[in-house]
Amino acid sequence: MAFRDTKSKIIIKTPEQIMGIRASSILAAETLKIVEPFVKPGTSTQFLNKVCADFMLEKQAKPATLGYHGYPKESCISVNDVICHGIPGAYELRDGDIVNIDITTIYKGFYGDTSKTYLVGDVNEHAKKLVKTAKECLNLGIAQCFAGNYLNNIGYHINKHAVAFGYSTVYEFCGHGVGIRFHEEPEVCHIADKNTGPILAPGMVFTIEPMINAGKARSKIDKKDGWTARTIDGKLSAQFEHTICITEDKPFVLTDIDNEFEIPTSIFNIKI
Ligand code: MF3
Ligand code: CO
Ligand code: CO
């Protein structure tokens, strides 16, 4: 192309699209609930993937990861020092592991993306603390999701919290716009400068998915499979992810099915 559009390509979603993304997001979140009872010592990650894949199929939701740039499975399952994009396989969970399951559904053409880190059996205090902090980082990011705020305040607050505990924030993988496609603009960095980047506006939909490391922030990709991202020092990494819509008031956390976040009242004014 001869021209490059320098304007923001952040898609502002219509109310109809937001409700479509919400439906898909609910299915992704339900998948994480369905698989939870199976997250215990002795279960293989490929079995966990099968539970997720079967549920999505039953609900007529397509797993967005399958075939995405050649990715081979219906979910990403990342154990211990795996930061993200772990490929489900023969590995059997052990007592004391931490494991992230990341699900992206396509339902009626709309994408919903969510992940959480589970504790396997009896987990030590050090690992528990990391997982708890990663969840807090996501929630602090969500608290920055209001119209008029700078996008990068999300990453600023996430990293500030991680650093306060002596942890580091992964910068090589980011959150992203989502909904119509898997990865849209903007890139949502989890470590960023205060009061920089685009201004948040109602109708923007993106993920926040901080990966917090116990040691160094750097990652390395497995040479054999080309996907699995691990910490360079072998220390633990934990991650949580939600899909969020900016509204006129509070953020609408589209992948929240636990009523952990209030549904903004402005959503009820939307006529579909
Ligand atoms: N679900 C991941 C995300 O949060 C992306 C996985 S891409 C894959 O963005 F190809 F690894 F599946
Ligand atoms: Co994502
Ligand atoms: Co994801």
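Residue numbering for the sequence shown follows numbering that gives the first Met the number 0, starting at 0 and increasing by one per position.
For each residue, glycine too, the CB sits at the ideal point set by N, CA and C.
Check	Outcome
Please confirm whether any heavy atom of ligand 2 lies closer than 8 Å to the CB of T64.	no
From the DSSP output, read off the bridge partner residues of H241.	I207
For A133, which residues in the same chain have their Cβ closer than 7 Å to its Cβ, ignoring the five residues on either side in sequence?	T116, P209, I211, A237, Q238, F239
N273 bridges to which residues according to DSSP?	Since the first and last residues shown for the chain are 0 and 271, residue 273 lies out of range.
Kindly identify the DSSP beta-bridge partner or partners of K219.	R229
May I have the straight-line CA-CA distance separating I82 from A228, to the nearest angstrom?	5 Å
Would you say I100 and L150 are within 9 Å of each other, going by their C-beta atoms?	no
Which residues does DSSP list as the beta-bridge partners of Y106?	F109
Give me the residue from F54, L47, Y106 with the minimum Cα distance to R180.	Y106
Measure the beta-carbon distance from I86 to P62 and round it to whole angstroms, keeping in mind my assumption that it falls under 8 Å.	With a Cβ gap of about 13 Å, I86 and P62 do not count as contacting.
Could you pull the start and end residues of the alpha helix (DSSP H) that V38 belongs to?	Counting along the chain, V38 falls outside any alpha helix (DSSP H), and DSSP gives it neither H nor E.
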